[in-house]
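Working notes for the structure below.
Quick look at the structure:
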């Protein structure tokens with residue numbers, strides 16, 4: 181089974197938004213055994229949408245569209261589908277009742293005709309009830325190709341995928357099992373890794389695909405395979421991983437599918453019953469934000485201090501002025517003092533601290549742009565390392581966050 | 181001039197990464213007057229890439245490809261381009277010298293044959309030197325269609341766009357001026373806004389396009405137009421904006437293109453010479469991270485406390501236990517005490533505090549999932565408001581961050 185995803189909206193083609201819907205849909209389709217052949221983003225334009233529908237039908241058994249289902253005039257997906265299917269719009273009573281209910285219960289503003297018109301659907305469509313909004317999903321079929329139209333609002337699209345689309349596709353088709361396992365590595369470039377594991381790579385079975393994904397100091401190695409026998413597919417991939425890991429044990433930190441690095445750390449801290457606090461200067465709260473993005477963070481994450489201004493490092497975290505004068509605010513010594521300061525103030529077992537210069541100017545410190553010091557305080561030790569992370573503000577802070585996770589992870593396992 | 185963007189990589193089609201490159205390229209092309217007709221994401225597959233090149237050539241004068249230029253075996257864009265152009269690979273001396281230089285200066289690891297082979301380029305290609313990496317960009321032409329192949333690493337792609345692609349396209353073609361102006365609103369749904377401004381919308385000139393972009397409590401209204409006379413296009417859009425703003429003055433907060441909300445706030449704080457601190461519970465550091473993502477944040481942002489654990493609210497921010505016992509940790513009173521606490525501790529003029537329950541469980545508080553209290557402390561006042569932001573963790577915190585910016589913005593202008 182091949183799928184194509186068509187995302188509709190001028191906002192995508194002028195670069196006003198990043199299309200995150202298609203990545204979500206691709207990932208979820210993969211989980212139930214549907215491969216995505218192509219993703220196509222098109223304008224809110226009748227002729228262009230019609231052309232995309234015709235092209236997609238040539239490649240794919242399943243075509244999933246998102247966007248263009250809103251109540252305003254720029255939304256034309258529904259009328260274009262009616263034209264493509266040579267159909268007419270009919271009022272769906274269940275959707276009318278649902279819209280009236282959400283306006284009465286949640287929105288509490290006048291119900292306009294354009295809102296009620298969201299209940300107009302093509303007569304040939306099977307309606308997919310959208311519990312989170314007023315635009316229903318629609319399931320239509322033409323010559324054995326399935327066309328599914330979903331709202332572009334990510335939350336509504338995701339709920340419809342989980343509650344309607346994925347269960348219906350799984351029930352209707354006998355789908356294979358697709359497995360991706362991604363090994364996270366830190367410390368070597370992709371070509372050096374490829375050189376080191378070339379014998380292993382050259383002997384991979386035909387049915388196993390390998391990809392290298394470099395990203396700001398990390399390289400991810402992805403192994404993929406599929407088949408109708410789930411345990412055979414898993415055994416095939418796991419046998420290759422068992423051969424690979426001993427060759428990269430110095431740079432291997434975990435599997436991406438299991439969880440992100442911050443989740444791996446969080447789960448381990450919960451397991452060993454330890455807590456964490458952060459003292460963030462150049463990372464400005466990003467480390468805290470990434471930990472607390474995960475449910476259950478309150479079981480190990482106490483919080484932290486965003487010590488952006490130098491005075492906060494001294495007055496709140498208790499770093500001494502003398503230390504800063506002697507070593508500069510971006511130094512191993514100050515990073516360590518920040519980690520110890522927040523560890524004491526917050527009563528945590530572990531602490532992470534960052535101090536650096538993300539540019540564009542030198543700022544309070546004498547440190548070159550890109551210099552970052554990261555410290556880790558453990559229950560009975562503290563250490564710090566200095567890094568140079570280039571000249572680009574966002575890359576510097578992202579690399580600092582990645583490196584902070586990497587250093588902390590090594591201490592708690 | 182129409183462009184098509186082709187992003188290449190299995191990681192996109194299995195949903196392992198979100199394709200952010202195409203949004204960047206679209207935005208930058210728009211700025212120089214090139215419209216993007218379509219974005220297509222395809223697999224690392226020879227036949228599929230060839231098919232995408234042929235299809236794109238029908239729509240577009242300019243085809244920009246990203247991805248598949250790495251040194252490992254899964255990268256096949258270059259060999260596929262050679263096939264499409266019926267060409268051969270030749271070694272480029274300038275690229276060889278560049279690769280040797282970066283290995284000697286920065287990488288300091290053995291230079292492998294696969295790294296040197298990055299200097300092999302199609303003989304018909306004009307090389308675009310990649311100062312940030314080893315894979316050069318390539319510019320090729322076929323029957324008046326330009327094909328530009330760029331690395332998939334965002335940082336390298338962006339540098340090549342800025343230094344090579346955009347200047348060359350601007351020099352080669354007489355391009356129109358494209359203008360997008362986006363009004364940020366907060367407080368009303370898109371259909372209510374559309375109803376209110378329908379007379380204005382119905383009388384828009386043909387050459388002005390309007391789009392509604394709803395997003396977690398905000399609706400953005402985008403006006404677009406293009407033409408060869410820049411001042412005429414600007415006058416056309418500005419005249420419509422002048423008519424629109426009086427009709428939405430209660431919900432209008434600024435223009436997106438000028439800057440993000442946090443930049444608007446930051447610039448204003450710099451202008452009025454005031455400082456800011458944050459006390460974040462449920463937002464976990466995201467407000468601080470968003471302010472500090474912008475250069476110059478140190479001119480107004482002192483830092484903050486991530487008070488995730490209840491104890492941190494009392495012990496670090498000085499919120500009294502009695503207050504928490506009486507009102508619950510998620511309450512207007514505690515939010516206000518947090519804002520005042522961090523304002524005092526950090527010596528800032530303004531402070532923002534968040535306390536809420538982002539779920540999935542009730543946690544330390546009695547508050548329902550989705551309840552968030554946000555407080556703003558000003559130099560001579562403090563106030564707080566309570567919100568209910570649904571049930572989805574990421575949406576709750578995003579809405580809380582948006583609302584914190586909205587409340588603060590109103591106080592400083």
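Chains as they are written, first to last, in my numbering: chain A, 181 to 593; chain B, 181 to 593.
Using N, Cα and C, we set each Cβ at its ideal position, and we do this for glycine too.
Just so you know, these numbers come straight off a predicted model, no measurement behind them.
With fewer than 16 other beta carbons inside 10 angstroms of its own, residue 286 of chain A counts as exposed.
Interface flag for residue 278 of chain B against chain A is unset, since no Cβ pair is found closer than 8 Å. Between residue 219 of chain B and residue 228 of chain A, the alpha-carbon positions lie close to 12 Å from each other.
Scanning chain A for C-beta atoms nearer than 7 Å to the C-beta of residue 345 of chain B yields nothing, as the closest lies near 14 Å away.
Straight-line spacing of the CA atoms in residue 213 of chain A and residue 295 of chain B works out to 36 Å.
Inter-residue distance for residue 331 of chain A and residue 337 of chain A is about 6 Å (C-alpha atoms, whole angstroms). It is roughly 51 Å from the alpha-carbon of residue 429 of chain A to the alpha-carbon of residue 557 of chain B. Residue 183 of chain A and residue 205 of chain A have their alpha carbons spaced roughly 10 Å apart.
Beyond the five residues adjoining it in sequence on each side, residue 471 of chain A comes within less than 7 Å, by CB distance, of 442, 446, 477, 481 in the same chain, given in chain order. Annotation: the continuous beta strand (DSSP E) that includes residue 565 of chain A extends over 561-568. Looking from the CA of residue 366 of chain B, the closest CA among B/433, B/340, B/354, B/420 belongs to B/433. Counting only unbroken stretches of 4 or more residues, the alpha helix (DSSP H) elements lying wholly within the stretch 266-329 of chain B are 273-282, 293-296, in sequence order. It is roughly 10 Å from the alpha-carbon of residue 211 of chain B to the alpha-carbon of residue 355 of chain B. Identification of residues in the stretch 399-420 of chain B having a C-beta nearer than 9 Å to some C-beta of chain A yields 400, 402, 404, given in sequence order. With its beta carbon less than 8 Å from one in chain A, residue 483 of chain B belongs to the interface. Taking a beta-carbon distance threshold of 8 Å, residue 186 of chain B does not count as an interface residue toward chain A.
Per DSSP, reduced to three states, the secondary structure at residue 454 of chain A is coil, with no helix or strand assignment.
Interface residue (Cβ-Cβ distance to chain A less than 8 Å): residue 466 of chain B is classified as such. Secondary structure note for residue 204 of chain A: its alpha helix (DSSP H) is the uninterrupted segment 201-211. The contact set of residue 578 of chain B on chain A, defined by CB atoms closer than 7 Å, is empty, because the minimum CB distance reaches about 10 Å.
Counting along the chain, residue 264 of chain B sits inside the alpha helix (DSSP H) bounded by residues 257-264. Spanning the alpha carbons of residue 496 of chain A and residue 200 of chain A requires a straight line of approximately 39 Å. Residue 505 of chain B and residue 587 of chain A have their C-alpha atoms roughly 39 Å apart. Note on geometry: alpha-carbon atoms of residue 368 of chain A and residue 431 of chain A lie some 7 Å from one another. In this chain, the beta strand (DSSP E) harbouring residue 487 of chain B covers 481-487. Using a CB distance cut-off of 8 Å, residue 284 of chain B does not count as an interface residue toward chain A. Your pair residue 222 of chain B and residue 186 of chain B checks out as a contact, with CB atoms roughly 6 Å apart and the cut at 8 Å. Bridge partners of residue 394 of chain B according to DSSP: B/399. The C-beta distance from residue 452 of chain A to residue 479 of chain A rounds to 12 Å, too long to meet the 8 Å contact threshold. Our two residues, residue 360 of chain B and residue 384 of chain B, have alpha carbons roughly 15 Å apart in a direct line.
Taking C-beta atoms as the reference points, residue 578 of chain B and residue 396 of chain B count as a pair closer than 8 Å. Residue range 466-472 is occupied by the alpha helix (DSSP H) that includes residue 470 of chain A.
At a cut-off of 8 Å between beta carbons, residue 316 of chain B makes no contact with chain A.
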